[in-house]
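Chains as they are written, first to last, in the UniProt record's numbering: chain H, 1 to 348; chain C, 1 to 348. We treat Cβ as the ideally placed atom computed from N, Cα and C, and that holds for glycine. Taking it in order: structure first as structure tokens, then the write-up.
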DNA sequence: CTTGCAATTTGGATCGATCCAAATTATCCG
DNA sequence: CGGATAATTTGGATCGATCCAAATTGCAAG
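Structure representation (structure tokens):
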């Protein structure tokens, strides 16, 4: 109490026991007598004691720091914000707190924050890697035995666990949906070609095209930054061509909304003159006009699962890398032609 | 090195100096000889040394923990995600890391995470308080001398610093804009009536109405949850009335987009049949159709300023509560009637 | 009223870095 | 070269909790 900070020793003195006993109470040990426990707890409350985890961690393995790191490539993207919220939910319930850092796709930033988190003694890390991340960026962590879960994007070659959405199946289903509606010229909009996700989704698109008995046409693939503004430009390019598509699948919902914009700029009405399927199912997908048919990924659910996977590894003590693929599902709304539903019923 | 963890003592041994010297190197002290410093640094690199801040903090004041806490009421709202990003930017540059927790407006969660952060030794806290937060919720922190900055929402009676946007002036400007365009029946949509922000914005609306020489009509105020879905319902109520408004200001952009939806449901075109002004200037405001005229708040900028304010107080050592109001500005786009601009030029 | 055994409690030693006073080494100058 | 001064370096002591072996207490049986 001397300098304002209350320690176990102050509690011990005030409660008439030893600091060891106070420590046992703090840990909820069954060894301590019920009466003693009650008194110690009362004294702690009276003196306004604040547990000092830093001091405790000094004697314990870092697995007990009750801190996990979360590194995200773009928190301004609501997909990743949802992901972070999902993680937060689970870790809070487990009594952990999270260091959350945003890298804005900067590898340097990513390296810095991971180093900083290590210094602070995180028990594990969930990371949505910045573009261009390499296995070596996580080498130090892995060889120190720290559990690491990569989400959304894979890190080729790294011995870390991963949690990815089923990009191939999702895009396959999107194409299948358009093909069933009778579309024969289906475009693919958006995404950076040098990313693994793009390749997975493109492969799903190709396989979907093939499964529908249509011919794959490279000229119908319009890659671009996965943003709304670029999506609008991409569809403009598509519609300027000779043999126009009549519908398209998009790398993500942001691109899909950009396609809306681009169509309207040409006086075409999305969902009427052109069929669109998104990917992600962000919140706005359900409220936009027309409501967007899309592949639902449930980022918050992914966040929860990633956190659970990480906590499992932390508790197990050993970081056995495992790869999990989370299912996605097609949510049919109105952007491929209005399909009226009873109000109040959600689309499956 | 015994159990895998490298400590200052291992470094000292390997470099042939004392642990004190290693410590001085770690702190970048000018007392240590340049040659020694180089050698020690080299050894640290070779052995893969990881600084243990927990141990260091034990001997230092909590102001040097290099951790700040960030508590946000709703991270799924992109406004707050941007805010968090702004904070992150500044604290990362200052060599801090942030604990980021989402409360989902739950006071219990808020209390829990703040307690947890305290145990982990944060140097200060930026909080966007959950609805219904009271001064007592921050009492313990404040009396422990911890710097606290409340952002976006005030905490009545709490002796904490605050950083608020200029809600009154913003809404005043919004009303003024509509009045200048000739609107005489201007509605107010959205927001919870029991919040301080709602009251501030409503006051700005009233004063704007008065300044324009129009009469205040309580029947034109349509409070509701500040969400897109509720905004749509609110405008439906407004248009069902006898003496309809011809334009409206919205509690935030989400409500404004809801108003778009509600108008379209009645076959009215926003920006043509009805003028709308939002509040916040979220990213979608610039890309929606029609582009939304709104009051720009710049949440990322607020985050940066909040972080700077907090860091200033942490470095000063004493938490002198101060209140900062950040300016807002009207961004005119197309939702109050199209005003064409040269393409490529951004609206001011 | 012992003895034996289980239930509680306790005093160092310890984790990894910092701090401080004191020791050591280097440098300078008459 | 000696003594003073400046530049470096260093050995405990310390932060606040945990761990462990050892001590103490409680209680029932003999």
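Secondary structure remark: continuous beta strand (DSSP E) runs of at least 3 residues inside the region 108-137 of chain H, in chain order: 124-127. Secondary structure remark: continuous alpha helix (DSSP H) runs of at least 4 residues inside the region 179-230 of chain H, in chain order: 196-211. For residue 193 (chain C), the closest Cβ of chain H is not nearer than 7 Å. Of all residues in the UniProt domain "HTH lacI-type" (6-60) of chain C, those with a C-beta nearer than 8 Å to a C-beta of chain H are 48, 50, 51, 52, 53, 54, 55, 57 and 58, reading in chain order.
Under DSSP, the beta-bridge partners assigned to residue 276 (chain C) are C:248. Residue pairing for residue 164 (chain H): DSSP places it in a beta bridge opposite H:325. For the pair residue 164 (chain C) and residue 280 (chain C), the Cα-to-Cα distance works out to about 13 Å.
Following the DSSP letters along the chain, one finds residue 17 (chain C) in no alpha helix (DSSP H), marked with neither H nor E. Listed along chain H is no residue with a C-beta nearer than 8 Å to that of residue 199 (chain C); the closest approach is about 28 Å.
With contact defined as three or more Cβ pairs closer than 8 Å, the region 136-143 of chain C and the region 266-283 of chain C are not in contact. Put simply, the CB of residue 116 (chain C) is near chain H, with a gap under 7 Å to one of its CB atoms. DSSP places residue 287 (chain H) outside any beta strand (DSSP E); the residue lies instead in the alpha helix (DSSP H), whose first and last residues are 283-287. Residue 293 (chain C) sits in a strand when the DSSP states are folded into three classes.
A contact is defined here as three or more CB-CB pairs under 8 Å, and the region 39-53 of chain C fails this definition with respect to the region 247-264 of chain C. The beta carbon of residue 76 (chain C) sits closer than 6 Å to no other beta carbon from its chain once the five residues preceding and following it are set aside. The C-beta of residue 139 (chain C) has fewer than 16 other C-beta atoms within 10 Å across all chains shown, which makes the residue exposed. If you look at residue 140 (chain C), you'll find it in the alpha helix (DSSP H) that goes 139-143. Beyond the five residues adjoining it in sequence on each side, residue 173 (chain C) comes within less than 6 Å, by CB distance, of 330 in the same chain, given in chain order. In this structure, residue 275 (chain C) keeps its C-beta atom at 7 Å or more from the C-beta atom of residue 334 (chain C).
Under the three-state reduction of DSSP output, residue 79 (chain C) falls in the helix class.
Relative to residue 312 (chain H), the option among H:169, H:32 and H:148 whose CA is nearest is H:148. With respect to chain H, the C-beta atom of residue 287 (chain C) has a partner C-beta closer than 7 Å.
A Cβ-Cβ separation of about 22 Å leaves residue 99 (chain C) out of contact with residue 136 (chain C) under the 8 Å criterion. Taking every protein chain shown into account, the CB of residue 273 (chain H) has fewer than 16 other CB atoms within 10 angstroms, so this residue is exposed.
Contact annotation: residue 52 (chain H) and residue 65 (chain H) have beta-carbon atoms that are not nearer than 7 Å. In this structure, DSSP gives residue 150 (chain C) an extended state, which the three-state scheme calls strand. Using a Cβ-Cβ cut-off of 7 Å, residue 88 (chain C) counts as an interface residue toward chain H, since at least one Cβ of chain H sits closer than that to its own. Note: residue 98 (chain C) is bridge-paired with C:68 in the DSSP secondary-structure output. Rounded to whole angstroms, the separation of the alpha carbons of residue 215 (chain H) and residue 239 (chain H) is 19 Å.
Residues of the region 93-122 of chain H with a C-beta less than 9 Å from any C-beta of chain C: 95, 96, 97, 98, 99, 100, 101, 102, 104, 109, 112, 113, 115, 116, 117, 118, 119, 120 and 121, listed in chain order. The CB of residue 314 (chain H) never comes closer than 8 Å to any CB in chain C; the least such distance is about 16 Å. Using a Cβ-Cβ cut-off of 7 Å, residue 334 (chain C) does not count as an interface residue toward chain H, since no Cβ of chain H sits closer than that to its own.
Looking at the backbone, the Cα of residue 262 (chain H) and that of residue 105 (chain C) are separated by about 37 Å. Using a CB distance cut-off of 7 Å, residue 293 (chain C) does not count as an interface residue toward chain H. Proximity of residue 78 (chain C) to chain H, defined by a Cβ-Cβ separation below 7 Å, is satisfied. For residue 33 (chain H), the number of other beta carbons within 10 angstroms of its own is below 16, and it is reported as exposed.
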